[in-house]
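Structure record follows, encoded as structure tokens.
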Amino acid sequence: MAAPAQLHAFSLDNGLRVLLNEDRRLPLVAVHVAYRVGSADEAPGQHGLAHLFEHLMYGGSENLPGTYLSHLFAAGAHDLNGRTTLDSTHYFETVHRDALDFALFAEADRMGRLVLCEETLEKQRQVVLNELRQYRERSRGRLVERIDAECYPAGHPYRHGVIGSEADLLALRLDQAHEFRQRHYHAANAVLALAGDLTRDEAMRRCERAFGGLPAGPPITRDPVEVSSKAARSWGFDDASPSPQKRLVWQLPAMPSPDREGMRLFQIALESRLRAESSAGTSLPRIGLAFHRLATRLEFEWNAPDPARIERSFDAFEALWNRLMKSGFSASEAEQSRRLRWRQRLLNLDARSGVAALMIEGELAQGDLASAFVSRERLAAIDPTAVMRRCFAADDVGAAPWSLRSSADSFPASSTENAGPVSPRRRPPPASADCRTLENGLQLTLQARSGAELVSGRLLLRAGSSAEPSEQMGVAELCAEASLQARVGGMSWRQRAEAMGCEIGVEVQGEVLRLSWSSALAQWRDALALVEQFRGVAIDAEAFAAARSRQLAAIELASASAEAATQRVLPALLFDTAQASVRIASGLRSTVSALGLDQAIAFKQKAWGLADARCVLVGDLEPGEAIEALERWKSGPETTRPGIEAAVPKAASPSVHLLDIPGARQTLLTVAWALPKPARETEPALRALDLLLAGSFSSRLNLRLREELGWTYGVRSRLGDIAAARRYEIQAWIPAERSLDARAEILRAVEAFSHQRVDADALASLQRGEALRTLGRSERIEDAASEIEGRLRLGLDPRLAPDLSRVTVEQLREIATTRLDPGRAISLFAGDATRLRGLPSAAGLAATSVHADAEALYSRQR
């Protein structure tokens, strides 16, 4: 599948550029509006205005007052969000065809009739300032700002990043926002992409009706900017980061859309080579690749708990890089990168939002919506070795803490030929999943789809942390990672998957070990065979040592991250840690350090059988062929395993805890409750309550804490997926001085549901929106597989999604009263204890426990 056949482009009289992909298979339409304005267009002293204006665009218009998020969410929008880049600003959502006219009207109303006032500016200013502070809470954010300053000369539009300057944001005036809008936010400076169920004539008629009356706006001109190349140099960065970091950065010329594929192939091939040559005691770098109008940036980032590990990893990378520059990638590595990239392209094209984003990319980068769609034939002609040698100097990369490289070499022009046309087929709504138990004991849930040329699978084995002996906490994850590292015939299992263009993932999630994979249609049988062989691979000493080293490093890094440390501590605060269902998947330093190879082998032999295992398959396959392939799997050891008991919650009394993250500048507040095992009867009301309370952009707490008070960049929630130790979390980054106030707001909002202060209109609006969102949530094959998997993990019928249409106000009240009693809430403040220690006592709360990490909480009861 290359560029979709039904691509159209036209312009309205006011200059609005409209792109269309006609895809009639599902009654869904992706709407993506991009404005050709980003942080590079900000005037001096206004750094952060482009990003702030993205937020202002959600603040309401003449015909749609209040937050746009509420209006679009009520209309059934999903994939709803916005983003600001160096060069452009984007707003996007996917809607049911029946809601398309409203979505277009909403986009046109805020394009031409946005309401800007002092009150809205101040609210959104506080939201953006909270986002900026949260960004700088991480040393990575502060480091990126330093790299920007080093990569670009003074006065360059990329020298300051998108996030902005706190001083500039505080000084911005309303008249400057008005001026920015008049200059940049108008029809002639915008591109609208539509992908989905409408014809060209329909698109022209609907867009003319919604946008045709808006003015064109002034012409935009940009002065040419020279991107200076710099000689290699080194520099240091002093920062109170709790974990060492190292960056290697290349600054490259801008690349048009077709040539970007060459760099992506290079990145994929390099990542595979790094994994293939990694060893114990080294860390793999995170590779970032960003394309901008004026430049391309390639970054390598190393994180490890100690500088020595980083230096070993960097030295290994330097040696690998020098070998690559001399010998290049092998023919098999090049072909593997093409297969993996093709699978990525299929995943992008599996959703209308992905197609719309690609059209926007091609139009903005090259003025050609088809240029971002690269055919299989075009990929076959790209050589990642040639790409590497065109872009990078062959000399030594240097061993300084951070090195900068630049190259004046540019990519040659490339053709944009595409494969033959793809005939659109009307895809019916996804059929109900077919459930059956195979002769080998495997419980299969299969949903056949057509038109995507993809297959996605999940295998859930009862080999998660709940199956571990208490003194071997972490062995399940160690066993899984060591199996991935184990080599047969000189190749690890991840390399075997990549060689056939597939992706295989392994993750321990409480009660289960989750094997996931996805492949193009042509490789689905090979992928199934690979998963079955993976279950039987023997763990060797080298793979075990490498996996244990990485797991210990990950545990150390987690203790320095408020998010990761919170997730490790919460189970022990909510439940009795003596129970199997409450264990931490990655384990403790003490338990993982003590694990031996024999214990990992014994665990795998005992737990990796098909007894009670469940498999999910979604995609373009014939059910009979899939069943035949799965029935050939060996059942494995016949082990009798008792059911997993539900965890026992801690005593019913509210408690407040501090998780000490030295040097933290903000506080991650989490309010959580222990929940009983999921039940089909109560799940819909619980999910509706979450969406109304904290689980959506327009939820009560997001509107209160983010939009009204401006205390946080956003509230998020999580309904746990471990059935025997399920919990509900509400979480937000909050300035330390607002932490207790935010906790009180959360508990007040929960209590309101208990007292039946629920807006019936809000519930009805949610139900209407959910009815329209249902189809979109399973549009992607990957999403459909994950949704089915989620119901299986909770012990619910995989064929039946929770039906919110029958939820009543009375049920919401009952759920809030019985499940989310404020008197049973656990409050956890993750931040610098020196800033937080006195707050709870000053507010008259009970004595507060202070924790450094999860080790002591679990060690007491082991």
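Under this note's numbering, the first residue of the sequence shown carries the number 14, and numbering increases by one thereafter. Note that the Cβ used here is the ideal one computed from N, Cα and C, for glycine as well. All figures in this text were calculated on a predicted structure; none of them were measured in a lab.
Taking all protein chains shown into account, residue 380 has fewer than 16 neighbouring C-beta atoms within 10 Å of its C-beta and is therefore exposed. With contacts defined by Cβ atoms closer than 8 Å, residue 472 and residue 544 form a contacting pair. Counting only unbroken stretches of 3 or more residues, the beta strand (DSSP E) elements lying wholly within the region 678 to 750 are 680 to 687, 728 to 732, 740 to 747, in sequence order. The C-beta distance from residue 521 to residue 484 rounds to 17 Å, too long to fall under 8 Å, and the pair is not in contact. Between the region 182 to 189 and the region 72 to 79 there are fewer than three inter-stretch CB-CB distances shorter than 8 Å, so the stretches are not counted as touching.
Taking residue 702 as reference, the option from 660, 658, 762 with the minimal CA-CA separation is 762. Of the candidates 326, 837, 51, the residue whose Cα lies closest to the Cα of residue 667 is 837. Distance from the CA of residue 599 to the CA of residue 804, rounded to the nearest whole angstrom, comes to 24 Å.
A residue is called buried when at least 16 other Cβ atoms come within 10 angstroms of its Cβ; residue 195 does not meet this threshold and is exposed.
Straight-line spacing of the CA atoms in residue 105 and residue 370 works out to 9 Å. Going by C-alpha positions, residue 689 is about 36 Å away from residue 611. At a cut-off of 3 residues, the continuous stretches assigned as beta strand (DSSP E) that sit fully inside the region 785 to 847 are 839 to 844. Measuring C-alpha to C-alpha distances from residue 670 to each of 504, 727, 475, 870 identifies 870 as the nearest. Restricting attention to 802, 800, 829, the CA atom closest to the CA of residue 770 is found in 829. Residue burial is scored here from C-beta neighbours: residue 786 has at least 16 other C-beta atoms within 10 angstroms and is therefore classed as buried. Close CB contacts of residue 811 within its chain, under the 6 Å cut and outside five residues either way in sequence, are with 446, 458, 801, 804, 805 (chain order). Rounded to the nearest whole angstrom, the C-alpha separation of residue 711 and residue 814 is 22 Å. Membership of residue 628 in the beta strand (DSSP E) is indicated by the continuous run 627 to 632.
Three or more beta-carbon pairs separated by less than 8 Å are not found between the region 351 to 358 and the region 300 to 307, which leaves the two stretches without contact. Per DSSP, the beta bridge partners of residue 662 are 588. When C-beta atoms of the region 334 to 353 are compared with those of the region 306 to 321, fewer than three pairs fall below 8 Å, so the two segments do not count as touching. A check of alpha carbon separations from residue 531 across 390, 547, 467, 578 identifies 467 as the nearest. In this structure the region 578 to 585 touches the region 838 to 849; the number of beta carbon pairs closer than 8 Å is three or more.
Here residue 336 is exposed: its Cβ has fewer than 16 other Cβ atoms, across all protein chains shown, within 10 Å. Membership of residue 448 in the beta strand (DSSP E) is indicated by the continuous run 447 to 450.
Between the beta-carbon of residue 706 and that of residue 747 there is about 17 Å, and that puts the pair past the 8 Å contact cut. Using a Cβ distance threshold of 8 Å, residue 749 and residue 672 do not count as a contacting pair. Between residue 205 and residue 42 a beta carbon distance of about 12 Å is seen, past the 8 Å cut, so the two are scored as non-contacting. In the same chain as residue 375, and ignoring 5 residues on each side of it, the C-beta atoms closer than 8 Å to its own belong to 270, 381, 382, 383, 384, 385, 386, in chain order. If you look at residue 375, you'll find it in the alpha helix (DSSP H) that goes 365 to 379.
The C-alpha of residue 227 lies about 35 Å from the C-alpha of residue 791. Assignment of beta-bridge partners to residue 300 by DSSP yields 313. Rounded to whole angstroms, residue 550 and residue 662 show a C-alpha spacing of 38 Å. Looking only at 346, 324, 451, the smallest Cα-Cα distance to residue 643 is reached by 451. In this structure, residue 845 keeps its C-beta atom at 8 Å or more from the C-beta atom of residue 632. 623 is the residue among 623, 274, 233, 714 whose C-alpha sits nearest the C-alpha of residue 454.
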